[in-house]
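Undergrad:
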Amino acid sequence: MERKVYQELGLKDDEYKRILSILKREPTPTELAMFSVEWSEHCGYPRSRKWLKLFPQTGKYQSLVGEDAGGFVYDDTAIIFKMESHNHPSQVEPKQGAATGVGGILRDIFTTGARPIALFDSLRFGKIDNPFNKYIFNGVIDGIQFYGNCVGVPTVGGEIYFDDSYSGNCLVNVMCIGVCPKDEIARARAVGVGNPIIYAGSKTGRDGIGGCSILASSEFEAGEIEKRPTVQVGDPFTEKCLIEATLESLKTGVVLGIKDMGAAGLTCSSAEMAAAGDVGIEIDLDKIPVREEGMEPWEIMMSESQERMLLCVEKGKEERILKIFRKWGLDAVVAGKVLKEKKAVIKCKGTVIADAPTEGLAQAPIYDMAFKKSKVKSQKSKVLSGKNHNKTLINLLSDPNIASKKSVYEQYDHMVQINTAVYPGGDAAVLRIKGKDWGIAATTDCNGRYCYLDPYTGAQIAIAEACRNLVVTGADPAAVTDCLNFGNPEKPDRFYQFKSCVEGIVDACKYFELPVVSGNVSFYNESPKGAIYPTPTIGMVGILKDIDHRCSVPFKEEGDIIVLLGHNKEEEGELPELDLDMEKRVQAACLEAIQIGIVKSAHDLSEGGLSVALAECAILSGKGASVNLSDKINNASLLFGETQSRIILTIAPDSIFSLSDVAMLYEIPCNIIGKVGGKSLVISKGKKKLVNQPVTKLAETYFSAIPNLLKKA
Amino acid sequence: MKFGVIVFPGSNCDHDCHDVVKHVLKQPVEYIWHQETTLDHLDCLILPGGFSYGDYLRCGAIARFSPIMENVKKFADRGGLVIGICNGFQVLTEAGLLPGALKRNNNLHFICKHVTIRVENDQTPFTNQLVNKQALNVPIAHGEGNYTCDKATLSELKRNKQIVFTYQGENPNGSIDSIAGICNKKRNVLGMMPHPERASESLLGSEDGLLIFKSIINAKN
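As given, the protein sequences belong to chains Y and F, one line each in that order. Following my numbering, the numbering of the first sequence begins with 1 at its first residue and continues without gaps. Following my numbering, the numbering of the second sequence begins with 714 at its first residue and continues without gaps.
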């Protein structure tokens with residue numbers, strides 16, 4: 001075969017040789033297409049798999065790993081979750097790219113039998129004063145609301161950051177959480193020779209062909225708009241029907257295995273279901289419902305048309321399942337069967353057009369990638385240089401990375417399913433689980449700038465902060481999913497960032513006893529201007545043992561005492577230090593204080609430090625505070641420094657002794673720093689007022705910053 | 714008091730309404746698939762929120778042709794209680810059970826947030842546990858909740874006291890006269906954009922919506 005043919009599909013010379021040795025002959029065009037998608041970085045993880053094996057798989061709770069989405073078990077309930085990227089599609093076609101990102105991750109969850117109960121979007125864009133970035137931003141938000149609102153799964157959290165490094169390569173990472181009784185988890189496998197394979201959902205079209213092998217597995221060069229046909233088009237109405245039909249089918253007990261058709265479509269789902277079940281699979285392409293006549297076999301096999309599922313059903317029971325899908329207005333046909341011999345056989349018009357061993361297909365090669373640390377440039381912000389602290393605080397609150405994202409999340413239905421107990425806008429979302437007295441909290445977190453400055457510590461901070469976000473709501477962190485966004489792995493400095501971030505996550509997760517239960521790698525996030533900040537987005541879910549003891553950010557009552565857990569310090573470098581031991585103890589103390597019911601509000605300190613955290617508590621409650629600090633460090637560090645392992649709590653005055661006891665038990669600094677009350681936020685050091693701003697002004701700044709920026713650009 | 718929650722393909726608040734009636738109000742309730750036609754055994758029908766048939770055309774424009782809708786009309790003619798919430802309200806206007814129409818929100822965006830609504834008519838089966846001018850904290854979540862009708866219809870709505878709820882303070886979507894909910898002349902069909910089922914438990918931040926459901930139960934007893 002000519003070199004050009006396989007190279008166009010993204011295969012390298014060595015990979016082609018490997019295909020020849022697996023098949024012991026030249027591949028057919030359909031086989032070649034199938035290998036190319038299965039072995040792409042997007043599906044087979046050949047460049048990252050070696051490192052991903054390092055992630056811990058066990059933690060405090062029974063973990064569920066090994067399928068597309070993972071999770072953990074609490075009180076006989078499986079909590080399944082996963083985060084996935086849809087970066088390149090969103091950069092090329094923001095609305096559909098983001099929409100299908102939501103659709104794809106939803107299917108990963110409900111294909112396990114879990115009903116999706118929450119969505120999170122972790123988004124990163126170039127600065128929105130640039131009109132093209134604004135277009136991407138608006139398109140992505142529109143795609144998320146279009147898809148998420150219609151399918152009836154609440155979008156309850158996430159993050160939005162703006163930085164030049166994402167200009168030309170935005171990040172759209174979507175996390176979905178689902179729940180089901182632990183005994184009802186479905187498996188993504190084909191079993192039982194002769195059992196029928198059912199295709200269900202939308203018809204197959206020509207959209208998204210090469211989405212994973214071409215779009216997701218190379219970096220952006222000029223002319224990226226031409227890649228638009230590789231982006232899929234989403235239909236949330238069909239997805240909603242597919243959710244209901246799938247869950248109804250799984251309830252029958254006759255579905256033996258099920259997998260969604262996501263990246264690499266029918267190729268990936270059929271070959272991987274067979275490989276997982278240690279069997280073979282036969283698919284007859286003439287049976288596949290198609291949107292248009294004349295589609296080539298390889299197009300049908302590679303299409304990434306959305307909202308499709310593949311099911312393996314008990315022989316003789318197929319009619320029962322077909323009926324359920326048809327009731328929901330969906331196509332459903334028997335399109336193949338389980339074979340004894342471990343191979344994927346694709347038939348078209350009576351002839352066999354592909355016949356490849358499933359193990360060979362599903363086992364992508366593993367590469368040892370070269371890595372090398374390179375020099376980092378200073379990323380210092382100019383905001384902090386001024387002496388006028390009032391002005392600095394206002395500047396920080398109007399910085400789009402800190403300012404309220406309310407104008408965005410109000411476009412998402414964050415209440416449907418009536419489980420949302422703590423709304424977006426705080427540290428983490430809290431959801432009840434119907435019929436239980438416990439609940440869950442979840443968050444996404446990553447500071448790309450920290451990870452650029454020091455990938456290992458930056459990734460550890462992402463884990464530590466995600467934990468802190470959960471703890472301040474009263475939740476015990478339980479498990480992690482990650483979405484690892486990096487530049488071109490073939491460049492040693494980018495691969496160094498990847499490897500070091502993975503090591504940071506591994507070590508921090510072990511320290512906090514957290515398993516990594518699922519995840520996704522997105523490489524090649526580069527535009528002609530260079531790579532993005534290394535961005536290992538962390539998604540984390542925790543358990544609130546008693547949902548009535550949940551905490552939120554706003555101050556609750558005038559006269560309450562404000563307490564700081566942890567201590568303020570002057571950081572020496574650009575990146576704050578992280579002491580995992582101190583972090584763990586601060587979190588343990590905070591969680592215990594919340595669980596014994598003495599904490600009225602709690603907020604984690606992060607971007608913008610102590611003064612921004614205090615301002616947020618004030619803004620969200622409409623209540624002022626007077627705070628007096630005595631730390632002997634410079635004022636800018638004291639007010640705005642991003643020292644880790646700090647939490648502010650408010651408690652009733654008579655709870656102070658109980659809180660001191662808890663703090664003493666965990667040997668952590670615990671200082672009263674002020675009192676809730678008044679109409680202004682006043683922060684003093686000794687007799688000197690460093691900050692004195694009316695809460696209404698802070699709120700106006702905080703809420704109007706992003707809408708104003710969007711109006712301007 | 715037996716409730717039925719109608720399920721169109723694309724309804725997504727059907728479970729929420731069902732849950733509130735069953736677990737909070739502890740009343741019998743069942744799902745009614747849009748192709749079913751028997752409603753005789755029910756006292757109150759809920760047309761829930763969501764995106765029936767994807768609402769890719771005009772909201773509710775396809776759902777009105779569902780087989781069930783003919784019987785919903787007959788059910789209402791016989792005096793049965795019908796409440797359409799959000800997409801359900803849109804379906805009721807499309808089906809001609811309520812006057813007017815719901816346009817895209819003024820700001821052209823979907824809006825999900827808590828709003829304050831005001832009771833304008835406490836003499837309906839849906840508001841008998843409320844008093845006029847009472848303020849309720851109930852969330853909205855819609856892209857097309859901007860109620861509109863012609864002048865003649867508006868004055869008729871006013872004359873017949875068919876305006877049941879209005880937005881208090883900010884008008885979130887541009888509705889004419891801040892209308893949040895209306896009923897028919899006979900008072901047995903109510904359509905409202907806000908979601909009372911999302912404000913029926915303290916855990917969710919408000920229990921004000923429960924008063925609407927309690928009114929329905931009271932009306933039949």
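By construction, the Cβ of each residue, glycine as well, lies at the ideal position given by its N, Cα and C atoms. Computed from a predicted structure; not experimentally measured.
1. Name, going along the chain, the residues of the region 237 to 256 of chain Y whose beta-carbon falls closer than 7 Å to a beta-carbon of chain F.
2. So, are the CB atoms of Tyr880(F) and Ser891(F) less than 7 Å apart?
3. DSSP three-state call for Leu544(Y): helix, strand or coil?
4. Say whether chain Y places a C-beta atom closer than 7 Å to the C-beta of Phe764(F).
5. Answer yes or no: do Gly762(F) and Ile798(F) have a C-beta to C-beta separation smaller than 7 Å?
6. Counting only beta-carbon separations shorter than 7 Å, does His822(F) have a partner in chain Y?
7. Between Gly448(Y) and Arg124(Y), which are expected to be in contact by the criterion C-beta below 8 Å, what is the C-beta distance as a whole number of angstroms?
8. Distance, Cα to Cα, His747(F) vs Val733(F)?
9. Taking only the alpha-carbon atoms, compute the straight-line gap between Glu557(Y) and Gly677(Y) and give it to the nearest angstrom.
10. Report all residues from its chain with a CB closer than 6 Å to the CB of Leu119(Y); omit the five preceding and five following residues, and keep chain order.
11. For chain A, is any of its Cβ atoms less than 7 Å away from the one on Pro761(F)?
12. For the ligand COA, I want to know if Ser779(F) counts as a neighbour, meaning its beta carbon is within less than 6 Å of at least one of the ligand's heavy atoms.
13. At the 7 Å Cβ level, is Met415(Y) part of the contact set with chain F, yes or no?
14. Could you please give me the residues that DSSP links to His42(Y) through a beta bridge?
15. If you draw a straight line from the alpha carbon of Val408(Y) to that of Ile824(F), how long is it in whole angstroms?
16. Beta carbon of Glu583(Y), beta carbon of Ala464(Y): below 7 Å?
17. Quick check on this structure: which residue in Val832(F), Glu749(F), Asn845(F) has the alpha carbon closest to the alpha carbon of Glu783(F)?
18. Between Ile324(Y) and Val313(Y), which are expected to be in contact by the criterion C-beta below 8 Å, what is the C-beta distance as a whole number of angstroms?
19. Within the continuous alpha helix (DSSP H) that includes Gly101(Y), where are the two ends?
20. Considering just the uninterrupted stretch of the alpha helix (DSSP H) at Trp51(Y), what are its terminal residues?
21. Count the C-beta pairs between the region 870 to 884 of chain F and the region 772 to 791 of chain F that are closer than 8 Å, then say yes if the count reaches three, no if not.
22. Just how far apart, CA to CA, sit Val832(F) and Asn195(Y)?
23. How far does the beta strand (DSSP E) with Gln62(Y) in it reach, from first residue to last?
24. Please determine, among Ile366(Y), Ala78(Y), Leu64(Y), Gly44(Y), the residue with the shortest C-alpha to C-alpha distance to Val517(Y).
25. So the candidates are Ser40(Y), Pro536(Y), Gly674(Y), Ala33(Y); which of them puts its Cα closest to the Cα of Glu299(Y)?
26. Can you tell me which of Ile547(Y), Asp507(Y), Pro536(Y) puts its alpha carbon nearest to the alpha carbon of Asp719(Y)?
27. Just to confirm, are Pro515(Y) and Gly178(Y) a CB contact at a threshold of 7 Å?
28. Mind pulling the alpha helix (DSSP H) runs of 4 or more residues that sit fully within the region 751 to 822 of chain F?
29. Over the uninterrupted beta strand (DSSP E) stretch that includes Pro116(Y), give me the two end residues.
30. Along the chain, where does the beta strand (DSSP E) containing Lys927(F) start, and where does it finish?
31. Mind checking who Pro536(Y) pairs with in its DSSP beta bridge?
32. Of all the options Tyr496(Y), Leu629(Y), Met415(Y), which has the alpha carbon lying nearest to the alpha carbon of Phe371(Y)?
33. Does the distance from the CB of Ile598(Y) to the CB of Ser655(Y) come in under 7 Å?
34. Specify the secondary structure class of Trp731(Y) as computed by DSSP and reduced to three states.
35. Quick one: what does DSSP say Ile177(Y) is sitting in, helix, strand or coil?
36. Output yes or no for whether 7 Å exceeds the beta carbon distance between Gly280(Y) and Leu339(Y).
TA: Inspection of the coordinates gives the following:
1. Phe237, Lys240, Cys241
2. yes
3. strand
4. yes
5. yes
6. yes
7. 7 Å
8. 21 Å
9. 8 Å
10. Gly148, Val153, Thr155, Cys176
11. The structure shown contains no chain A; the protein chains it does contain are Y and F.
12. Among the components of this structure there are no ligands whatsoever, and the ligand COA is therefore not found.
13. yes
14. His42(Y) is not bridged to any residue.
15. 10 Å
16. yes
17. Glu749(F)
18. So it is not a contact: roughly 11 Å between Cβ atoms.
19. 94 to 110
20. 49 to 52
21. no
22. 60 Å
23. 62 to 64
24. Leu64(Y)
25. Ala33(Y)
26. Nothing about residue 719(Y) can be read from this structure; chain Y reaches only from 1 to 713.
27. no
28. 780 to 790, 800 to 807
29. 115 to 125
30. Note, Lys927(F): premise wrong, no beta strand (DSSP E); alpha helix (DSSP H) at 923 to 933.
31. Leu484(Y)
32. Tyr496(Y)
33. yes
34. Any property of residue 731(Y) remains undetermined from this structure, which presents chain Y solely from 1 to 713.
35. strand
36. yes
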